[in-house]
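Some notes on the structure that comes next.
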Amino acid sequence: MRVVLDTNVLVRSTKNATGPARELISLLQADPHVIVMSREILVELVRVLDYPRLVQQHRLTPDERGEFVASLGKAAEHVTLPAGKPASISADPDDNFVV
């Protein structure tokens, strides 16, 4: 199964997290599943993990946050989005590149 995950799910799956998102990432990192990711998702993930509220909640150092993003990047199949502004698909325009 090829799966694209929203940043909210990815943030909830950090190494210090517990629950369904962490379990999902663990399952998807094994064959026959493939996590599909774009540069835009990784950039947003880096930005969101730096939110002070999430830094405090997940208690990850900058190096740990970087390692987490890098490990997801290594495990994922990368896709390139078409150039230009994404089509308006989602009710939340910031999610159009994920959809």
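According to numbering that gives the first Met the number 0, the stretch in the sequence shown is residues 0 to 98, in order.
In this text, a Cβ means the ideal position worked out from N, Cα and C, and glycines have one as well.
Quiz item: If you check the beta carbons only, do Leu44 and Val8 fall under 8 Å apart?
Solution: no
Exercise. Determine the direct distance from the alpha carbon of Pro61 to that of Ser70, and round the result to whole angstroms.
Key: 14 Å
Self-check item: Range covered by the beta strand (DSSP E) that runs through Ser37
Solution: Val33 to Ser37
Quiz prompt | Among Pro51, Pro19, Glu39 and Gln55, the one whose alpha carbon lies nearest that of Leu80 | solution = Glu39
Self-check item: Between the CA atoms of Arg11 and Asp49 - distance to the nearest angstrom
Solution: 14 Å
Exercise. Within its chain, find whatever has a CB closer than 8 Å to the CB of Gly72; leave out the 5 residues flanking it on each side and keep chain order.
Key: Met36 and Leu41
Quiz prompt | Cα-Cα separation, Thr17 to Ala74 | solution = 20 Å
Quiz item: According to the Cβ coordinates, are Asn15 and Leu53 closer than 8 Å?
Solution: no
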